[in-house]
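Please read the structure below before turning to the comments.
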């Protein structure tokens, strides 16, 4: 069975292809009928959407028939290029699991049994809320097969590796952060320094001379319900998104914002260490 990775049909792998990859030239906006694999790249993570043989994109690919051969070929090629990923994640249809693997000296790939995120190294402090975030990604939107990639490969950040943070369809190109300064803006990994983005609310009348509590476990999806709650519009938001999973619609942080403005000891939802002014 042949696999065809989605790529621009009007240019080939030439200097023009590299130009198109850098600046997004020739954006067709649709997946060609010939392609059965579509890569999505944001630097820290390589995602692969796999179309089942004889099926359509909205169908789930079979692990043994559709996914495993792709994974074996990809991991072997990455290993030959000294570009092994830090972790491999597989979407089972309702959640992500870790796929342990090793490559022996004779370059034979050995895939281990699936491991739940909670029982893997991704459940450590180095990867804050990794299980929760992956659960949110796995909350696949109805009728949207693009919302949860079938495979996720984490770049090995300890070795300074990255996947191309550009419109590059040849995903096996060996690009290292230290050699490409503009790739240092890569994101999407589960490491803490790439995952935690501060959300700072300024409230009128606060002189800014005292430290305030920081809200732990806040997510970017909490922004909308928080702002609407501050304006008294949260009930309408809850009704409109009643069918959505909580990981997708977020929660209001209003009460923790109010607690953080006090100088009392940290309470539920607030970190033990206050945020310095």
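In this note's numbering, the protein residues as written are 301 to 577. Using N, Cα and C, we set each Cβ at its ideal position, and we do this for glycine too.
Query: Rounded C-alpha distance that separates residue 346 from residue 560; Result: 37 Å
Query: Sequence-distant residues of its chain with Cβ nearer than 6 Å to residue 304 (five each side left out); Result: 334, 335 and 336
Query: Alpha-carbon to alpha-carbon, residue 488 and residue 365; Result: 29 Å
Query: Residues near residue 385 in its chain [Cβ-Cβ closer than 8 Å; skip 5 each side]; Result: 346, 375, 378, 453, 454, 455 and 456
Query: Residue 409 - DSSP class collapsed to helix/strand/coil; Result: strand
Query: Beta bridge counterpart(s) of residue 392 as assigned by DSSP; Result: Answer is none; residue 392 lacks a bridge partner.
Query: Exposed unless 16 or more other CB atoms sit within 10 angstroms - verdict on residue 258; Result: No answer is possible for residue 258: it lies beyond the span of the chain, which begins at 301 and ends at 577.
Query: Sufficient close CB pairs (3 or more, under 8 Å) joining the region 515-533 to the region 407-420; Result: no
Query: Which of helix, strand or coil DSSP assigns to residue 437; Result: helix
Query: Candidates 518, 541, 537 and 543, of which the one nearest residue 555 by Cα; Result: 518
Query: Cα-Cα separation, residue 394 to residue 382; Result: 32 Å
Query: Spatial distance of residue 550 from residue 522 (CA atoms); Result: 4 Å
Query: Span separating the alpha-carbon of residue 356 from that of residue 338; Result: 13 Å
Query: Unbroken beta strand (DSSP E) run spanning residue 365, endpoints; Result: Element bounds for residue 365: n/a, residue is neither H nor E.
Query: Identity of the residue in 458, 387, 543 and 410 nearest residue 423 by Cα; Result: 387
Query: Test item: CB-CB of residue 369 and residue 362 under 8 Å; Result: no
Query: Within 8 Å, strictly: CB atoms of residue 425 and residue 396; Result: no
Query: Exposure of residue 406, with buried meaning 16 or more beta-carbon neighbours within 10 Å; Result: exposed
Query: Boundaries (first-last residue) of the beta strand (DSSP E) holding residue 422; Result: Residue 422 -> no beta strand (DSSP E), and no H or E assigned at all.
Query: Nearest neighbour of residue 408, chosen from 546, 371 and 515 [CA to CA]; Result: 371
Query: Alpha-carbon spacing of residue 435 relative to residue 547, whole angstroms; Result: 7 Å
Query: Spatially closest choice to residue 391 from 373, 492 and 450, by CA coordinates; Result: 450
Query: CB-CB length for residue 491 against residue 427, believed under 8 Å; Result: 7 Å
Query: Close beta carbons around residue 367, own chain, < 8 Å, minus the five adjacent residues each side; Result: 350, 361, 390, 450 and 451
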